[in-house]
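Protein chains: 2
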Amino acid sequence: MIKSVGYAANHSFSSLKPLAFEREEPKQNEIEIEVMYCGICHSDIHQVKNEWHNTVYPCMPGHEVVGRVKSVGAAVTRHAVGDLVGVGCMIDSCRQCEPCQAGEQNYCEGPNSWLATYNGPMVPSAKAPTGTNQYGKDNTYGGYSTSLVVPEDFALKIPAGLKPEVAAPILCAGVTTYSPMKHWGMGPGKKVAILGFGGLGDIAQKIAKAMGAEVTVFTTSQAKVNQAPVVGAYAVHVDDHDMLESLKASFDFILSTIPKKTDLTPFVPLLKRDGTLVIVGALEPLAPFNNMQMAAHRNAIAGSLIGSIAETQEILDLCAQHGIGPDIELLDIKNINDAYTRVEDGEVRYRYVIDMATLKPDAVEAA
Amino acid sequence: MIKSVGYAANHSFSSLKPLAFEREEPKQNEIEIEVMYCGICHSDIHQVKNEWHNTVYPCMPGHEVVGRVKSVGAAVTRHAVGDLVGVGCMIDSCRQCEPCQAGEQNYCEGPNSWLATYNGPMVPSAKAPTGTNQYGKDNTYGGYSTSLVVPEDFALKIPAGLKPEVAAPILCAGVTTYSPMKHWGMGPGKKVAILGFGGLGDIAQKIAKAMGAEVTVFTTSQAKVNQAPVVGAYAVHVDDHDMLESLKASFDFILSTIPKKTDLTPFVPLLKRDGTLVIVGALEPLAPFNNMQMAAHRNAIAGSLIGSIAETQEILDLCAQHGIGPDIELLDIKNINDAYTRVEDGEVRYRYVIDMATLKPDAVEAA
Chain A
170 MIKSVGYAAN HSFSSLKPLA FEREEPKQNE IEIEVMYCGI CHSDIHQVKN EWHNTVYPCM
230 PGHEVVGRVK SVGAAVTRHA VGDLVGVGCM IDSCRQCEPC QAGEQNYCEG PNSWLATYNG
290 PMVPSAKAPT GTNQYGKDNT YGGYSTSLVV PEDFALKIPA GLKPEVAAPI LCAGVTTYSP
350 MKHWGMGPGK KVAILGFGGL GDIAQKIAKA MGAEVTVFTT SQAKVNQAPV VGAYAVHVDD
410 HDMLESLKAS FDFILSTIPK KTDLTPFVPL LKRDGTLVIV GALEPLAPFN NMQMAAHRNA
470 IAGSLIGSIA ETQEILDLCA QHGIGPDIEL LDIKNINDAY TRVEDGEVRY RYVIDMATLK
530 PDAVEAA
Chain B
170 MIKSVGYAAN HSFSSLKPLA FEREEPKQNE IEIEVMYCGI CHSDIHQVKN EWHNTVYPCM
230 PGHEVVGRVK SVGAAVTRHA VGDLVGVGCM IDSCRQCEPC QAGEQNYCEG PNSWLATYNG
290 PMVPSAKAPT GTNQYGKDNT YGGYSTSLVV PEDFALKIPA GLKPEVAAPI LCAGVTTYSP
350 MKHWGMGPGK KVAILGFGGL GDIAQKIAKA MGAEVTVFTT SQAKVNQAPV VGAYAVHVDD
410 HDMLESLKAS FDFILSTIPK KTDLTPFVPL LKRDGTLVIV GALEPLAPFN NMQMAAHRNA
470 IAGSLIGSIA ETQEILDLCA QHGIGPDIEL LDIKNINDAY TRVEDGEVRY RYVIDMATLK
530 PDAVEAA
């Protein structure tokens with residue numbers, strides 16, 4: 170067993186605290202990773218607070234993980250000890266269903282769907298049709314920890330030229346915004362609007378530009394509008410009705426990264442005929458849409474869930490190739506609970522990444 | 170001027186009554202039609218009652234019109250006196266914008282959008298960016314009347330073998346359900362669910378089968394379920410939770426023809442990965458969707474507005490070729506107000522068609 174330390178919450182109302190635990194040694198096809206950096210995703214906060222009503226406690230979040238391979242199982246061929254690797258939201262899938270066979274593990278239709286890096290299977294055994302758990306795990310501990318053990322084919326290669334701490338948020342925020350933009354055919358000649366200018370919005374607008382699209386960012390934050398030229402975004406204010414009116418039928422694609430239920434009806438008329446509005450920020454009941462607007466230009470509202478393993482590697486490589494990545498703030502893990510508050514208040518510029526060097530082996534005793 | 174009689178409402182709260190009026194003689198490119206049959210669309214009722222807050226009074230509905238060409242303008246080449254023709258929801262469009270150039274007049278982006286067969290331009294002059302009305306008409310009188318005058322290229326040919334009274338509802342109900350099924354690629358090997366079993370649902374399930382798809386119809390009406398084999402549908406009850414559970418991830422496409430705001434979240438999990446739910450029944454604010462469901466299989470919710478002129482001709486021809494058409498009840502126009510109540514109560518099997526022979530030239534004096 171691998172002695173490990175991480176930060177976890179024991180209840181929906183409790184803060185994160187150090188927790189000592191053990192991970193199993195890597196199996197034949199698995200690798201052990203010494204975690205160096207882990208991004209903080211807004212969904213970590215939803216999960217810790219049990220806002221999706223499926224949290225398994227203790228809850229140790231973290232699915233934007235970068236580290237070095239420390240040991241490998243006997244059958245491992247993709248990674249070697251010392252390699253810089255990343256782990257995103259998934260650490261396994263059923264590998265049998267049509268989406269898995271098509272390489273879209275993020276839409277796994279197996280009895281337990283995919284195995285999340287933390288919190289366990291997407292469809293827990295109690296809700297699975299067979300009542301079984303093919304992964305044998307009801308809870309998984311994520312990357313807010315010193316170590317991680319995963320199947321080798323769910324670990325990504327961090328390309329040369331991409332700093333490990335910058336690569337971390339690409340593993341969730343990056344691929345979550347890249348996957349739908351790729352699926353709906355964004356590229357040269359296409360106009361994309363990004364709603365929300367937080368961790369997802371920041372990387373989304375950079376990726377959209379790297380894909381060759383023309384990008385507009387919408388935010389309610391005047392401070393972010395003022396800062397926008399720094400990161401190269403063209404930002405407008407959501408309350409500017411004249412601006413919204415002037416942008417009617419302008420966009421092929423709108424990506425909402427707003428992390429909570431929001432009335433998006435003002436944005437639907439901004440879509441061109443056959444344009445699509447994809448919501449990746451809020452995995453929850455939506456504010457109502459108006460079909461009079463949607464029908465008028467045959468528009469669609471769609472969901473999209475992270476991205477496949479192949480897409481995750483693609484977006485890491487694309488970011489390295491274009492020299493782009495999220496703007497990040499490095500965090501001492503001691504300050505994680507304050508950091509959560511700043512994420513909820515939209516004050517981060519733009520993604521927190523935990524420096525795991527700040528997590529000491531004696532963190533539990535010291536706490 | 171052409172002396173005409175029709176049935177119109179003077180206020181949102183009044184019933185339909187006979188109205189004597191005059192139509193302009195056909196211009197160079199226009200044809201005059203002697204109306205034989207006109208279908209009753211649920212949207213006629215919405216419009217008469219001003220439920221879309223844009224009704225121009227007097228409101229004379231009717232956009233499922235079949236009749237014989239009585240006279241033609243000097244430049245008309247497509248139709249000849251005596252021809253059997255049909256008119257659907259549109260009688261003109263801007264003819265300049267990208268959708269019009271692409272033959273998708275139903276998504277016209279001109280300043281007034283398309284000209285509706287009744288009620289006038291989709292974007293009335295008061296709401297048009299230029300403040301003008303390119304059609305010179307603020308109100309148009311529809312097909313609940315003895316005559317109609319329209320540009321020749323907005324009149325469809327009624328194919329031999331299709332009874333005129335059966336053809337009428339195809340001009341709106343038919344093309345409204347055909348267009349999205351065509352756009353989203355339904356055909357052999359595809360599984361389609363139809364929600365609602367009224368005028369749209371009846372023709373939709375027949376069209377879907379004619380296109381080669383496998384069809385399931387959902388209705389809350391036990392009476393309609395019992396009757397279903399008569400029209401060849403496989404129907405299930407919307408409240409049957411075990412049935413819904415067993416149909417998870419079964420459909421490539423769901424078409425909701427339900428004519429009012431309805432919680433459709435129970436149906437979203439029935440979509441396969443990348444499946445789309447299109448709502449054609451309710452042009453209004455929708456009940457909220459849950460993005461957790463939509464994201465799980467990258468599903469989309471979309472709107473679709475009637476269909477193009479070319480698609481309308483296609484579906485008329487397809488119905489003639491397959492010997493299909495809506496089940497109809499012929500109506501004496503005197504009973505139109507009672508008929509509206511039966512439409513609202515879902516009692517019609519499945520579409521009312523007014524027999525215009527029941528509308529006498531002296532209807533106003535006789536009333």
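Taken in order, these protein sequences are the chains called A and B.
The opening position of the first sequence corresponds to residue 170 in the numbering used here, with each subsequent residue numbered one higher.
The opening position of the second sequence corresponds to residue 170 in the numbering used here, with each subsequent residue numbered one higher.
Just so you know, even glycine gets a beta-carbon here, dropped at the ideal spot from N, CA and C.
Less than 8 Å between the CB atoms is what I'm expecting for residue i and residue j, so what's the real figure, rounded?
i	j	result
A/V174	A/A532	5 Å
B/Y276	B/I484	The Cβ separation is near 17 Å, so there is no contact.
A/G368	A/Y519	5 Å
A/T426	A/G450	4 Å
B/V447	B/S473	5 Å
A/L364	A/L424	7 Å
A/A295	A/P280	That belief does not hold up - the Cβ atoms of A/A295 and A/P280 are roughly 12 Å apart, past 8 Å.
B/E383	B/K360	5 Å
A/V217	A/P230	6 Å
B/E321	B/V245	5 Å
Using 10 angstroms around the beta-carbon of residue i, count the other beta-carbons present and answer buried if the total reaches 16, otherwise exposed.
i	result
B/N288	buried
B/M170	exposed
A/N504	exposed
A/M412	exposed
B/V399	For B/V399, the predicted model reports a pLDDT of 47, less than 50, meaning its position is unreliable; a value from the coordinates is still stated below. Classification for B/V399: exposed.
B/L452	buried
A/S314	buried
A/E233	buried
A/A270	With the sequence shown as reference, residue 270 of chain A is identified as Gln, and Ala is not the correct amino acid for it. Per the 10 Å Cβ criterion, exposed.
A/Q265	exposed
B/E334	buried
Rounded to whole angstroms, what is the Cα-Cα separation between residue i and residue j?
i	j	result
B/P349	A/G257	37 Å
A/A377	B/N468	22 Å
A/E278	B/A465	9 Å
A/C228	A/W283	18 Å
B/Y304	B/G476	21 Å
A/G312	A/V319	11 Å
B/D261	B/L185	26 Å
A/Y248	A/L317	Note on identity: in this sequence residue 248 of chain A is His, with Tyr being the wrong assignment. Cα-Cα distance, rounded: 14 Å.
B/H491	A/M291	46 Å
B/F323	A/G358	33 Å
A/G356	A/A479	19 Å
B/A456	B/A471	14 Å
A/E201	B/F366	57 Å
I need the DSSP call for residue i, collapsed to helix, strand or coil.
i	result
A/C240	Sequence inspection shows Ser at residue 240 of chain A; the Cys mentioned does not correspond to that position. Here A/S240 sits in strand by DSSP.
A/V384	strand
A/D213	helix
B/F366	coil
A/T510	helix
B/K529	coil
A/V522	strand
A/P428	coil
A/Y276	helix
B/N343	The sequence shown places Gly at residue 343 of chain B, not Asn. Note: B/G343 maps to helix in three-state DSSP.
B/T299	coil
B/E199	strand
B/S316	strand
B/A379	helix
B/C488	helix
B/P495	coil
Could you tell me whether the segment 429 to 439 of chain A touches the segment 427 to 446 of chain B, using the rule of 3 or more Cβ pairs below 8 Å?
-> no
Three or more beta-carbon pairs under 8 Å between the segment 319 to 331 of chain B and the segment 243 to 253 of chain B, yes or no?
-> yes
Would you be able to state if there are at least three C-beta pairs under 8 Å between the segment 216 to 225 of chain B and the segment 337 to 346 of chain B?
-> Fewer than three pairs of CB atoms, one per stretch, sit closer than 8 Å, so the segment 337 to 346 of chain B makes no contact with the segment 216 to 225 of chain B.
The segment 464 to 495 of chain B: positions lying closer than 8 Å to chain D by Cβ | This model lacks chain D altogether, as its protein chains are A and B.
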